[in-house]
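Asker:
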Amino acid sequence: MKHNVLPLFILAAVLAATPVAGQCTYPTPVTPESCAAAAAYNASTNGVSFLVWVDGQQVCEDYPFPASPTDFHEIWSGTKSFWGVIAGIAIEEGLIGLDEIVADTITEWQADPWKSLITVRHLLSLTDGLQADEGGGGSPTYANAIAMPALHEPGTFWEYGAVPYQCFGEFMRRKLAPEFADPVEYLQDRILDTIGATYSEWSYGTDGNPLLDRGSRWLASEWIQYGELVRLGGFWPGTGERIVPQELMDQAFQPSPIKDDYGLTWWLAPPGVAGYPCDTVVARGAGTQLLYVIRSRKTVILRQTTQIWHGWNYVDTVLLDLLFVEDDPQDNCPPAPAGGLTVERTGSDLMFGWNPVQDDISGSTELLAGHELWKATSPDFSDGQLHLTLDGPMPGGLATGEGGAEAGLVFYKVRAFDKCGNAGE
């Protein structure tokens, strides 16, 4: 077993996994000792809230000083993950369809050759092809969002940004009128009132419409209830009511053909990545505001921080490894198929601070270019390990090799093999 040691410019971790056969078969207890270890790690990485529910019962709770249970926090892009679920309700009610043409409602798009092809699924999976941000880091008004140009044919390009969510907001605003004023009012009526949860604040744009890409602030004890609803597949035991049909909710957790770590408003890990229970899904916001839902463990985990730049040194798998008491996952993996199973380690476009990442691999290593790229210089394999130095943003490139790579090429994703066909932590 050799070690691929990469000094990656690490980002707020994204990650959740789509199911892989044979890898979700072992239950994982959470103990007082593992709770304490995970809570300490959360605190050491600027976390101010840490909650864990197992099978509907709170088993871990920590609010590192000076935080308290009565503090609410901006969850940033964690706000996005309400809309894949609310879409399931709207589909069940016959209000919308996932493959419905949005231009049938936003008629301003009908004359545009690409905008006229955009579906609801394209918006929620971020494959709509629109310019994804207005510029300046803010959220556009609904009118400005729908006016953004289409830069790519829908379904051929994935780009993260505020525009698709704000377009979905305008689409839903028109669909919901006159019964509901906006999508947040619909969310409150259809989900939050039923589960007894509510947000503390919600930001509105200059047009008077709610932001859908960010802007909601939550107590930890309120946000985690939404995670529990997702864990239960849309059923709420408090009322005995099925709020969302599970098959419609679970469409949010299927990756698009061009982006294997993003579903419909929820983050997913590339299939086969070690260190994550394979059915994990994550609502994720800047500063590592995180809501993990792991049905195979009957577990929901919440983490909050107070600032957008906090959490740069936080790594998902460190917390999960501390929290879950289990045998080495390698012992539970099915045999790797002939030639190994190819997987990717994916980053994010929000990057703060240097942090080493180590992969245990056997076989070849492949380095792929990504969105925010760094020049890889002086690759060294003299001791059987891959060592790279990253220096400066550069255009895209590709480096591959069986124990070898070319200097000067750039990368952002790591693709590797281990005996289970996984990229190891």
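Going left to right, the sequence shown walks through residues -22 to -1, 1 to 403 as mature numbering (1 follows the signal peptide of the UniProt record, and there is no 0) numbers them. Glycine is no exception: its CB is placed at the ideal position from the N, C-alpha and C atoms. Owing to the predicted nature of the structure, the values given are computational and were not obtained by experimental measurement.
Are the Cβ atoms of Tyr177 and Trp196 separated by less than 8 Å?
Answerer: What you label residue 177 is simply residue 199 of the sequence shown in a count that begins at 1. What you label residue 196 is simply residue 218 of the sequence shown in a count that begins at 1. It is a contact, given that the beta carbons lie within the stated cut-off.
Asker: Buried or exposed: Val303, going by 16 or more other Cβ atoms within 10 Å of its Cβ?
Answerer: Position 325 of the sequence shown, counted from the first residue, corresponds to residue 303. Flag for Val303 reads exposed.
Asker: In this structure, how does DSSP classify Thr134 when only helix, strand and coil are distinguished?
Answerer: Here residue 134 is taken as the residue at index 156 of the sequence shown, counted from 1. DSSP places Thr134 in coil when its eight states are reduced to three.
Asker: Could you tell me the distance, in whole angstroms, from the CA atom of Asp111 to the CA atom of Tyr164?
Answerer: Taking the sequence shown and counting its residues from 1, one reaches residue 111 at position 133. Taking the sequence shown and counting its residues from 1, one reaches residue 164 at position 186. About 25 Å.
Asker: DSSP on Asn24, reduced to helix/strand/coil?
Answerer: The residue labelled residue 24 in the question sits at position 46 within the sequence shown. Coil at Asn24, not helix or strand.
Asker: Would you kindly check if the distance between the Cβ of Ser117 and the Cβ of Gln144 is under 8 Å?
Answerer: The count along the sequence shown starts at 1 and reaches residue 144 at position 166. The count along the sequence shown starts at 1 and reaches residue 117 at position 139. Going by C-beta atoms, Gln144 is nearer than 8 Å to Ser117.
Asker: When burial is assigned at 16 or more other CB atoms within 10 Å of the CB, is Leu108 buried or exposed?
Answerer: As a first step, residue 108 is located in the sequence shown; it is residue number 130 there, counting from the start. When all chains shown are included, Leu108 counts as buried.
Asker: Within the continuous beta strand (DSSP E) that includes Asp40, where are the two ends?
Answerer: Reading the sequence shown from its first residue, position 62 is the one you call residue 40. First-last of the beta strand (DSSP E) with Asp40: Gln35 to Asp40.
Asker: Give a yes or no on whether the C-beta atoms belonging to Ser194 and Trp180 are separated by under 8 Å.
Answerer: In the sequence shown, residue 194 corresponds to position 216, counting from 1. In the sequence shown, residue 180 corresponds to position 202, counting from 1. Yes; because the gap between Cβ atoms is below 8 Å, this pair is in contact.
Asker: Between the C-alpha atoms of Thr172 and Gly253, what's the straight-line distance to the nearest angstrom?
Answerer: Here residue 172 refers to the residue found at position 194 when the sequence shown is read from its first residue. Here residue 253 refers to the residue found at position 275 when the sequence shown is read from its first residue. Near 34 Å, if we compare the C-alpha coordinates of Gly253 and Thr172.
Asker: Give, in chain order, every unbroken run of the alpha helix (DSSP H) that is at least 4 residues long and sits entirely within the stretch 170 to 229.
Answerer: Entirely contained in the stretch 170 to 229, the alpha helix (DSSP H) runs reaching 4 residues are, in chain order, 198 to 209 and 224 to 227.
Asker: What is the DSSP secondary structure of His100, reduced to helix, strand or coil?
Answerer: Here residue 100 refers to the residue found at position 122 when the sequence shown is read from its first residue. Three-state result, His100: helix.
Asker: Specify the secondary structure class of Ala68 as computed by DSSP and reduced to three states.
Answerer: What you label residue 68 is simply residue 90 of the sequence shown in a count that begins at 1. Correct three-state label for Ala68: helix.
Asker: Could you check whether the stretch 289 to 297 touches the stretch 42 to 62, counting it as contact only if at least three pairs of C-beta atoms, one from each stretch, sit closer than 8 Å?
Answerer: Counting Cβ pairs under 8 Å, fewer than three are found: no touch.
Asker: Val260 and Trp245 look like a contact to me (Cβ under 8 Å); what is the Cβ gap, rounded to whole Å?
Answerer: As a working note, residue 260 is residue 282 in the sequence shown. As a working note, residue 245 is residue 267 in the sequence shown. At roughly 5 Å, the Cβ-Cβ gap stays under 8 Å, so Val260 and Trp245 are in contact.
Asker: Once the 5 residues before and after Thr224 are set aside, which same chain residues still bring their CB inside 6 Å of it?
Answerer: Residue 224 sits at position 246 when you count from the first residue of the sequence shown. It is Gln, not Thr, that sits at residue 224 in the sequence shown. Only Gly211 and Gly212 meet the Cβ criterion.
Asker: Give the DSSP-derived three-state secondary structure of Phe146 in the structure shown.
Answerer: Translated into the one-based positions of the sequence shown, residue 146 becomes position 168. Looking at Phe146 - three-state DSSP - the assignment turns out to be helix.
Asker: Rounded to whole angstroms, what is the Cα-Cα separation between Gly34 and Tyr204?
Answerer: Counted from its first residue, the sequence shown places residue 34 at position 56. Counted from its first residue, the sequence shown places residue 204 at position 226. In a straight line, the C-alpha of Gly34 is about 12 Å away from that of Tyr204.
Asker: Using C-beta distances below 8 Å, list every residue in its chain close to Tyr120, excluding the 5 sequence neighbours before and after it, in chain order.
Answerer: The count along the sequence shown starts at 1 and reaches residue 120 at position 142. Cβ neighbours of Tyr120 beyond the five flanking positions: Gln144, Cys145, Gly147, Glu148, Arg151, Gly183, Asp185 and Asn187.
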